[in-house]
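A.B. asks: Those sequence lines, one after another, are chains D and L.
Each number in the numbering used here comes from the position in the first sequence (counting from 1) with 11 added on.
Each number in the numbering used here comes from the position in the second sequence (counting from 1) with 90 added on.
A virtual CB, placed ideally from N, CA and C, is assigned to each residue, including glycine.
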Amino acid sequence: MDYADEFRNREIVRGLAARIARLAASLEKPLTFMEVCGTHTMSIYQYGLRSLLPPEVKLISGPGCPVCVTPVGYVDRAVAYARRPGTILATFGDMLRVPGSFSSLMEERARGADVRIVYSTLDAVALAAKHPDRQVVFLGVGFETTAPTIAGSILTAARQDLKNYFVVAAHKTIPVPMQVLSSDPDLGIDGYLCPAHVSTVIGGDAYRFLAEEHGVPCVVTGFEPADILQGLAMLVAQKVECRSTVEIQYRRFVTREGNRQAQKLLAEVFTPTDSAWRGIGVIPESGLAIAEKYAAFDAEKTLPVTVEEPQEATGCLCGEVLKGKAAPCDCPLFGTACTPEEPVGACMVSSEGSCAAAYKYGE
Amino acid sequence: MCLAVPMQVIITDGETLVAEIDGVKRPASLMMLGEPVTVGDYVLIHAGFAIGKLDEDEALETLALMRECLEKGRKE
Numbered sequence: 012m013d014y015a016d017e018f019r020n021r022e023i024v025r026g027l028a029a030r031i032a033r034l035a036a037s038l039e040k041p042l043t044f045m046e047v048c049g050t051h052t053m054s055i056y057q058y059g060l061r062s063l064l065p066p067e068v069k070l071i072s073g074p075g076c077p078v079c080v081t082p083v084g085y086v087d088r089a090v091a092y093a094r095r096p097g098t099i100l101a102t103f104g105d106m107l108r109v110p111g112s113f114s115s116l117m118e119e120r121a122r123g124a125d126v127r128i129v130y131s132t133l134d135a136v137a138l139a140a141k142h143p144d145r146q147v148v149f150l151g152v153g154f155e156t157t158a159p160t161i162a163g164s165i166l167t168a169a170r171q172d173l174k175n176y177f178v179v180a181a182h183k184t185i186p187v188p189m190q191v192l193s194s195d196p197d198l199g200i201d202g203y204l205c206p207a208h209v210s211t212v213i214g215g216d217a218y219r220f221l222a223e224e225h226g227v228p229c230v231v232t233g234f235e236p237a238d239i240l241q242g243l244a245m246l247v248a249q250k251v252e253c254r255s256t257v258e259i260q261y262r263r264f265v266t267r268e269g270n271r272q273a274q275k276l277l278a279e280v281f282t283p284t285d286s287a288w289r290g291i292g293v294i295p296e297s298g299l300a301i302a303e304k305y306a307a308f309d310a311e312k313t314l315p316v317t318v319e320e321p322q323e324a325t326g327c328l329c330g331e332v333l334k335g336k337a338a339p340c341d342c343p344l345f346g347t348a349c350t351p352e353e354p355v356g357a358c359m360v361s362s363e364g365s366c367a368a369a370y371k372y373g374e
Numbered sequence: 091m092c093l094a095v096p097m098q099v100i101i102t103d104g105e106t107l108v109a110e111i112d113g114v115k116r117p118a119s120l121m122m123l124g125e126p127v128t129v130g131d132y133v134l135i136h137a138g139f140a141i142g143k144l145d146e147d148e149a150l151e152t153l154a155l156m157r158e159c160l161e162k163g164r165k166e
């Protein structure tokens, strides 16, 4: 299998760009589409895909980076756990440099806190088994792709009867915020490029309410340049034909019903909850809390810490960038006070953040 | 964060697997995958878990559609 090369084939990419231009020629008004996945954002900047689109098709980035949409208060809580005596704080690498109100996990580590980066949630469970006298606290950040891996770690810890593994749950689910954004008249979203790997888990049908009840066309799209252009061509075609449905471009890994086994893990361990999104605010039923049955693994219930009122960095436009209302270069801090080396906002920290992608690859 | 990489299965015992791409080998759990995998299959690996299995027929069909679009463009 050498599909990856084929999906980056220059000729195929040009052919798809030409199709978008042909379709767009019959449009009565310009269209705005939003991508809601950090990996899409990165790919679009990396391959310069915006430059291949006709002027009638505008592409904006949404809240697709889980680290970026995590509120400052959560980072402060993580810092408090890192400072807690006897604690090993385990996290995926991208949380390390995110600035909290007064500190980051990287700063805490430099001051002597035991902060460990793990590749898999099961590595964090293994840490707990290895250090029975310490408390291992894992930062549960991520969308539906990652949340089942955290559910899996809790089930594994339960099976091993571990009493020293805890999760600070801040998982978010993507379809509801998409509905919130598409009803914002200022944004005027004409369709969504739906995330690829989130959809591997939740399936294409998870967006049906958006397409069928709210009239917003949705296309689940892969990450290679040809995938993204084909996804956009499918969106433009829906608009030209006045249709609004869910289509799957990334059929090699995504089905209508999704990954049932992963959905089962989510349903077993988590329960839907209201969740705060940086820049957007609290959205009902857009997060996943640890279910009562697994409360022993819920860090906030079993190992409470005190956290002060969070403070957002002044001048940072992360919130507007996450809603697609501002481009990275609209922010006065972009590239000057805020760079990947010295980030002010989360969108510049994560490699999937719009600001980091714009800084690295140019507008 | 939702980054996942398609890799080929080289060893599996039904509960875990080792997958490889470009010489890089990674172990992964099968806890999240509801379907059986065998050596030679391509799976999506995300943070130490297999989250999906490649549907090869669909991949070829997607590519065929893309090429068809290229041919159409040439004719017009």
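Evaluate residue 143 of chain L with the Cβ neighbour count: other Cβ atoms within 10 Å of its Cβ, from every protein chain shown; 16 or more gives buried, anything less gives exposed.
C.D. replies: Label assigned to residue 143 of chain L: buried.
A.B. asks: Output yes if chain D places a C-beta closer than 9 Å to the C-beta of residue 103 of chain L; else output no.
C.D. replies: Judged by the 9 Å Cβ criterion, residue 103 of chain L is not in contact with chain D.
A.B. asks: So is residue 78 of chain D in contact with chain L if we call contact Cβ pairs under 9 Å?
C.D. replies: It does; some Cβ of chain L falls within 9 Å.
A.B. asks: Which same chain residues, not among the five before or five after residue 308 of chain D, have their C-beta less than 7 Å away from its C-beta?
C.D. replies: Cβ within range, chain order: 165, 168, 176, 177, 178 and 301.
A.B. asks: Anyone know if the C-beta pair for residue 329 of chain D and residue 357 of chain D falls short of 9 Å?
C.D. replies: Cβ atoms of residue 329 of chain D and residue 357 of chain D: closer than 9 Å.
A.B. asks: Counting only the same chain and skipping the five closest in sequence on each side, list residues whose C-beta sits under 7 Å from that of residue 111 of chain D.
C.D. replies: Same-chain partners within the cutoff: 83, 86, 87 and 90.
A.B. asks: Once you ignore the five residues that flank residue 346 of chain D on each side, which residues in its own chain have a CB closer than 7 Å to its CB?
C.D. replies: Excluding residues within five positions, the ones whose Cβ falls inside 7 Å are 370.
A.B. asks: According to DSSP, is residue 142 of chain D helix, strand or coil?
C.D. replies: Here residue 142 of chain D sits in coil by DSSP.
A.B. asks: Could you tell me which of D:126, D:212 and D:233 sits nearest to residue 54 of chain D, measuring between CA atoms?
C.D. replies: The candidate whose alpha carbon is nearest that of residue 54 of chain D is D:233.
A.B. asks: Go through the segment 33-88 of chain D residue by residue and report every complete run of the alpha helix (DSSP H) that reaches 4 residues or more, in order.
C.D. replies: Segments of the alpha helix (DSSP H) lying fully in the segment 33-88 of chain D: 49-57 and 77-80.
A.B. asks: Could you tell me if residue 305 of chain D is buried or exposed, where buried requires 16 or more neighbouring beta carbons within 10 angstroms of its beta carbon?
C.D. replies: So residue 305 of chain D ends up on the buried side.
A.B. asks: Could you work out which residue in D:59, D:250, D:70 and D:350 is closest to residue 19 of chain D when comparing CA atoms only?
C.D. replies: The candidate whose alpha carbon is nearest that of residue 19 of chain D is D:59.
A.B. asks: By alpha-carbon positions, which one of D:34, D:289, D:137 and D:219 ends up nearest to residue 364 of chain D?
C.D. replies: The option with the nearest alpha carbon to residue 364 of chain D is D:289.
A.B. asks: Rounded to the nearest angstrom, what separates residue 124 of chain L and residue 140 of chain L at their Cα positions?
C.D. replies: In a straight line, the C-alpha of residue 124 of chain L is about 10 Å away from that of residue 140 of chain L.
A.B. asks: According to DSSP, simplified to helix, strand and coil, what is residue 153 of chain L?
C.D. replies: Helix, per DSSP.
A.B. asks: Can you check which of these residues, L:151, L:119, L:114 and L:100, is closest to residue 137 of chain L by C-alpha distance?
C.D. replies: Of the listed residues, the one whose Cα sits closest to residue 137 of chain L is L:119.
A.B. asks: In the DSSP output, which residue or residues are listed as bridge partners for residue 102 of chain L?
C.D. replies: L:107, per the DSSP bridge assignment.
A.B. asks: Suppose contacts are defined by Cβ-Cβ distances below 9 Å. Is residue 184 of chain L in contact with residue 107 of chain L by that definition?
C.D. replies: A question about residue 184 of chain L goes unanswered here, because the residues of chain L that appear run from 91 up to 166.
A.B. asks: Hey, is the segment 224-233 of chain D in contact with the segment 247-261 of chain D, meaning 3+ C-beta pairs nearer than 8 Å?
C.D. replies: Contact between the segment 224-233 of chain D and the segment 247-261 of chain D is present, because at least three Cβ pairs lie under 8 Å.
A.B. asks: Looking at C-beta atoms only, is the number of pairs between the segment 202-215 of chain D and the segment 257-269 of chain D that lie closer than 8 Å three or more?
C.D. replies: The segment 202-215 of chain D is in contact with the segment 257-269 of chain D.
A.B. asks: Run down chain D in chain order and give the residues with a C-beta less than 9 Å from the C-beta of residue 113 of chain L.
C.D. replies: Those within 9 Å of residue 113 of chain L in chain D number zero; the least Cβ separation is about 15 Å.
A.B. asks: Answer with yes or no whether the minimum CB distance from residue 180 of chain L to chain D is below 9 Å.
C.D. replies: Nothing about residue 180 of chain L can be reported from this structure: the residues present for chain L run from 91 to 166 only.
A.B. asks: Under a three-way DSSP split, which group does residue 284 of chain D fall into?
C.D. replies: Here residue 284 of chain D sits in strand by DSSP.
A.B. asks: Would DSSP call residue 305 of chain D helix, strand or coil?
C.D. replies: The answer is helix: DSSP assigns residue 305 of chain D an H, G or I state.
A.B. asks: Consult DSSP for residue 370 of chain D and reduce its assignment to one of helix, strand or coil.
C.D. replies: Helix.
A.B. asks: Tell me which residue opens and which closes the beta strand (DSSP E) that residue 142 of chain L is part of.
C.D. replies: Per DSSP, residue 142 of chain L belongs to the beta strand (DSSP E) from 139-143.
A.B. asks: Helix, strand or coil: which one does DSSP assign to residue 259 of chain D?
C.D. replies: Three-state result, residue 259 of chain D: strand.
A.B. asks: If you reduce the DSSP assignment to three classes, tell me which class residue 318 of chain D lands in.
C.D. replies: Of the three classes helix, strand and coil, the one that applies to residue 318 of chain D here is coil, per DSSP.
A.B. asks: Alpha carbon to alpha carbon, how far is residue 129 of chain D from residue 139 of chain D? Give it in angstroms, no decimals.
C.D. replies: Cα to Cα, residue 139 of chain D sits roughly 12 Å from residue 129 of chain D.
A.B. asks: Does the distance from the C-beta atom of residue 51 of chain D to that of residue 158 of chain D stay below 9 Å?
C.D. replies: No; because the gap between Cβ atoms is not below 9 Å, this pair is not in contact.
A.B. asks: Measuring only between beta-carbons, confirm whether residue 155 of chain L sits less than 9 Å from chain D.
C.D. replies: With 9 Å as the cut-off, residue 155 of chain L counts as an interface residue toward chain D.
A.B. asks: Pull out every residue of the segment 118-137 of chain D whose Cβ sits closer than 9 Å to any Cβ of chain L, in chain order.
C.D. replies: Flagged, chain order: 129, 130, 131, 132, 133 and 134.
A.B. asks: Classify residue 105 of chain D: buried if its beta carbon has 16 or more other beta carbons within 10 angstroms, exposed otherwise.
C.D. replies: The residue in question, residue 105 of chain D, is buried, as its Cβ has 16 or more Cβ neighbours within 10 Å.
A.B. asks: Three or more C-beta pairs under 8 Å: does that hold for the segment 148-166 of chain L against the segment 196-205 of chain D?
C.D. replies: Counting Cβ pairs under 8 Å, fewer than three are found: no touch.
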